[in-house]
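Notes to accompany the following structure.
Numbering (my numbering), first residue to last: 129 to 584.
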């Protein structure tokens, strides 16, 4: 009797690159001692998805582009406004979504809320938590849905047999690192297991038009664990970010074949689960009894969404000899550049002073439009004079001390107006008409003009 052929290969556990033989260093990523041998093909085990289809399948034939019928995909709303915003309006049938994030950030809670809220039949597959643990979290969330099914299983062959019985409209897998397939003879979480298990769910999703959401872990570098090809295989890659010491979480789309990657969703972690934050600007700005120096409000953009955030600065005499420069939520190198501009172009002697900068709310900002607010906060703390109340800023600062224009300035102005601000300071090179808004728009060309406007 002939033996079934077993195919083996060598994979890098860090980047997923395949090699013909073992070697000490991976030629793809340069890491040492990360290459292991894995079985990639066992002829005696069929693919899990080959006999698990729950809907009719069709055979594909080559057609010209003009013969292809086009229509907009019908999206399924998730009844979660922030998630729908990031996905582009809802979940597309047959799509495969990969959700990544740090341990304990709230990935499982977000997906369980989705399973309980969406008005469809959902199969929640958990390889990490027991059914009682999931039930306990569902009781805390406080949403009841009789169409949500829980399955505690990791082997794909058994999972697809259960999918055939339940016939769900949405499948959620927590997590992809726990899946194993009999087609691969290696441990769960290995490169070949993750790749093959994902490939089986992709085949299932495309053939049955059933959307699948995979939850994935990230490594110490902040990247999704597993082979890099995993992100190329799926349709949507979502990243759930946030600081565990703060209550706010950000949901970003790093890849989206069906929509924009510029949108973000903002949540607040509460005792009853994740709460949507429809107006984050109102939360990120702290409420204070009186005017304090060193505080300025910046109008920034996160994707296509305007936000108003609070910038705090503290300037004090350096008592340890060498001045300190520290920032939280803002690039320290850019802070040093702005300090050099104030020193060289404007004559402020900040070289012998400590400068500390903080973006409230625990979020990190990369938008250069907050430069003017950073400068205003530093000058306010240095002079110990508060920035006039109900003033905000939206402009970039150049090396020559010029105030540069920023994109989507109209949206920034309207957001400031909506939140009740009286004045917004922007670049005079932005092509807007100040009289078109219900807020005073002050046009500034140089940083020196800003000092005169604010402190006289």
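For each residue, glycine too, the CB sits at the ideal point set by N, CA and C.
Boundaries cannot be given for residue 151, as no alpha helix (DSSP H) includes it and DSSP labels it neither H nor E. With respect to the 7 Å criterion, residue 308 and residue 283 are classified as neighbours on the basis of their beta carbons. Distance from the CA of residue 447 to the CA of residue 584, rounded to the nearest whole angstrom, comes to 30 Å. In the pairwise beta carbon analysis, the segment 361–379 is classified as touching the segment 222–229: at least three pairs are separated by under 8 Å.
In the DSSP assignment, residue 427 falls within the unbroken beta strand (DSSP E) covering 423–430. Inclusion of residue 343 and residue 297 in the CB contact set at 7 Å is not warranted, their separation being larger than that value. DSSP places residue 532 in the strand class (E or B) of the three-state scheme.
Around the CB of residue 241, 16 or more other CB atoms lie within 10 Å, so the residue is classed as buried. Rounded to whole angstroms, the Cβ separation of residue 210 and residue 404 is 5 Å, and the two are in contact under 8 Å. In the three-state scheme derived from DSSP, where H, G and I count as helix and E and B as strand, residue 326 is classed as helix.
Nearest to residue 150 by C-alpha distance, out of 390, 400, 143 and 161, is 161. Apart from sequence neighbours up to five positions away, the residues of its chain that approach residue 155 with a beta-carbon distance below 8 Å are 145 and 147, ordered along the chain. No Cβ-Cβ contact shorter than 7 Å links residue 531 with residue 439. A residue is called buried once 16 or more other Cβ atoms fall within 10 Å of its Cβ, and residue 250 is buried on that count. Taking 8 Å as the upper bound for CB-CB distance, residue 233 and residue 254 are not in contact here, some 17 Å apart.
Annotated three-state conformation of residue 443 is strand, per DSSP. Contact check for residue 401 against residue 572 fails: the beta carbons are separated by 7 Å or more.
Among the bridge pairs identified by DSSP, residue 465 is matched with none. Linking residue 570 to residue 237 through their CA atoms gives a straight-line distance of about 45 Å.
Setting aside the 5 residues that flank it on each side, residue 485 is surrounded in the same chain by 441, 455, 458 and 463, each with a C-beta closer than 6 Å to its C-beta; the list follows chain order. In the structure shown, residue 141 adopts coil according to DSSP, grouped into three states.
Take the alpha-carbon of residue 538 and the one of residue 550: they are about 15 Å apart.
Residue 277 has 251 as its beta-bridge partners, per DSSP.
Residue burial is scored here from C-beta neighbours: residue 406 has fewer than 16 other C-beta atoms within 10 angstroms and is therefore classed as exposed. Of the residues 491, 511 and 497, the one whose Cα lies closest to the Cα of residue 481 is 511. With 16 or more other Cβ atoms inside 10 Å of its own Cβ, residue 429 counts as buried. For residue 155, no alpha helix (DSSP H) run applies, since DSSP gives it neither H nor E.
The C-alpha of residue 203 is placed about 42 Å away from the C-alpha of residue 460. Put simply, of 136, 508 and 575 the residue whose alpha carbon is nearest the alpha carbon of residue 313 is 136. For residue 437 and residue 370, the gap between their C-alpha atoms comes out near 16 Å. Only exposed fits residue 385, as fewer than 16 other CB atoms lie within 10 angstroms of its CB. Distance between residue 357 and residue 340, taken at the CA atoms: about 18 Å.
For residue 322 and residue 163, the gap between their C-alpha atoms comes out near 16 Å.
A Cβ-Cβ contact shorter than 7 Å links residue 521 with residue 500. Annotated as proximal: residue 567 and residue 545, with beta-carbon spacing under 7 Å.
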